[in-house]
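In my numbering, the protein residues as written are 1121 to 1338.
Think of the CB as a built atom: it goes at the ideal place given N, C-alpha and C, for glycine as much as any other residue.
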Ligand code: BMP
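Laid out in structure tokens, this is it:
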């Protein structure tokens, strides 16, 4: 994925025309698009071919290795990144790494209330599975920056962090904790002027990422 702004748009709309308009309006301000079930189920898999690249299919793939392989075959060449769940374990994740022709990101924690019960309690095992499977990065929550720090203390994996804006995550804390990319949906597509919201968020994100890169160990 290109790393210019550090911002990924979560295109969680179900109207294809609106989706394409939004992408047109904000494309200059984002590094990639993340497409999730609402858009894929409403518009069909072929809609992915109409979107600019790089794009990430957020299918949260979570099945046995053979089924994961078959899922990868459906999105190969249509997108550049694939999100899979880490909780299914190393073998299932490894099947995505082997069978998807792009970058695989593993979900090791989630943003919502209640995620702590399972993800928080199993943080070490989830991250171990992601590392052993050889994923390219992980998804970790902007709503709990400590969880991002945990990944960064133990691995050099890229962190993609959803949860900034509508879910209450703060951009400064998220990048400060070590996120490499922030994934933002509603704070952009529900804004009165999505292009302006994306421009402002991308400006702040890239500034914070540069500050963070400049403040390495002394
Ligand atoms: P929003 O900025 O509107 O809250 O969107 C966040 C996006 O990130 C959604 O597509 C959501 O499915 C996804 N996401 C999340 O919010 N929390 C997670 O823990 C993992 C996600 O993929």
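| query | result |
| --- | --- |
| Determine whether the beta carbon atoms of residue 1150 and residue 1318 lie at a separation below 8 Å. | yes |
| What number of angstroms, rounded off, separates the C-alpha of residue 1178 from the C-alpha of residue 1203? | 5 Å |
| The alpha helix (DSSP H) that contains residue 1261, what's its start and end? | Run containing residue 1261: none; DSSP gives neither H nor E here. |
| How about residue 1228 and residue 1181: are their beta carbons less than 8 Å apart? | no |
| Compute the Euclidean distance between the alpha carbons of residue 1194 and residue 1165, then round it to the nearest angstrom. | 8 Å |
| Just mark residue 1338 as buried or exposed, buried being the case when its beta carbon has 16 or more other beta carbons within 10 Å. | Any answer about residue 1338 is weak, because its pLDDT of 49 lies below 50 and its placement is not dependable; what the coordinates show is given next. Exposed is the call here. |
| Tell me the residue span of the alpha helix (DSSP H) that contains residue 1326. | 1314–1334 |
| Identify whether residue 1301 lies in helix, strand or coil by the three-state DSSP scheme. | strand |
| Quick one: any contact between the region 1208–1219 and the region 1230–1238, if contact means 3 or more CB pairs under 8 Å? | no |
| Would the region 1265–1276 count as touching the region 1301–1320 if we require 3 or more Cβ pairs under 8 Å? | no |
| How many angstroms separate the CA atom of residue 1190 from the CA atom of residue 1334? | 43 Å |
| Considering Cα atoms alone, identify which of 1242, 1155, 1188 is closest to residue 1201. | 1155 |
| Does the beta-carbon of residue 1264 have 16 or more other beta-carbons within 10 angstroms, so that it is buried, or is it exposed? | buried |
| Heavy atom of the ligand BMP less than 7 Å from the Cβ of residue 1259, yes or no? | yes |
| What would DSSP say about residue 1201, mapped onto helix, strand or coil? | strand |
| Between the alpha carbons of residue 1136 and residue 1148, how many angstroms are there, rounded? | 20 Å |
| Could you tell me the alpha carbon to alpha carbon distance between residue 1142 and residue 1314, rounded to whole angstroms? | 7 Å |
| Return yes when the C-beta of residue 1345 is under 7 Å from any heavy atom of the ligand BMP, and no when it is not. | Nothing in the structure corresponds to residue 1345, since the chain is present only between 1121 and 1338. |
| Do you know offhand how far residue 1326's Cα is from residue 1215's? | 33 Å |
| Excluding five sequence neighbours on each side, which residues of the same chain lie with their C-beta closer than 6 Å to the C-beta of residue 1221? | 1196 |
| In the DSSP assignment, find the beta strand (DSSP E) that holds residue 1156 and state where it starts and stops. | 1152–1156 |
| Using a threshold of 8 Å, state whether the C-beta atoms of residue 1282 and residue 1231 are closer than that. | yes |
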